[in-house]
Amino acid sequence: MNQQEKRLVLMVEDNKNVHQLLEFALRAHQDKYLLISAHTLESGQKLFRKYREHIHVVILDASLDPRCELDTIPLLEEIVASDFTGAIIASSSSRAHRQTMMRSGCTRDCEKSRLIDLLKEDSF
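Be aware that the sequence shown starts at 1, since it is given in the UniProt record's numbering, and climbs by one per residue.
Here it is, written out as structure tokens:
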């Protein structure tokens with residue numbers, strides 16, 4: 001499988017530990033996945049706009065700013081409005097936030113602790 005056949009995963013998440021965990025887990029599947037990471041809403045928007053045509057999965061945390069709940073909804077709305085055809089995974093510690101994100105356009109719901117299992121399932 002060459003670089004272009006790898007599934008590009010955009011993770012928009014402020015917790016660097018979650019990024020590192022997923023990055024470490026995906027090393028075992030590096031022939032299949034390539035992870036690009038954004039720790040802020042602005043960098044998530046820039047990466048999505050730049051790589052939209054190549055992204056297979058977006059993993060989106062609900063809140064990147066601890067002072068603001070559900071601050072990633074505008075990015076989610078942009079992704080949905082762009083006719084993105086890949087999976088959009090609502091990844092939040094809060095079930096209520098994940099449910100709100102599902103109603104706003106996410107295609108999957110996953111607790112952060114299960115992200116690796118979800119990617120291993122390869123069901124999207």
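Each residue gets a CB set at the ideal place from its N, CA and C atoms; glycine is no exception.
Being a predicted model, the structure only gives us computed values, none of them experimental.
Cβ atoms of Thr107 and Ile88 come within 8 Å of each other, at about 5 Å. By DSSP's assignment, Asp109 forms a beta bridge with Ala90. Sequence-distant Cβ neighbours of Leu41 in its own chain, meaning closer than 8 Å and more than five residues away, are Val12, Leu64, Asp65, Asp71, Thr72, Pro74 and Leu75. Proximity to Leu8 across Gln20, His54, Leu60 and Ser82 peaks at His54, based on C-alpha coordinates. By alpha-carbon distance to His97, the top candidate from Leu60, Gln45 and Leu115 is Leu60.
For Leu35, the secondary structure class from DSSP, reduced to helix, strand or coil, is strand. Residue state for Leu8 is assigned as strand, using DSSP reduced to three classes. Take Val57, set aside five residues on each side of it, and the residues of its chain with a beta-carbon closer than 6 Å to its own are Val9, Gly86 and Ala87, in chain order.
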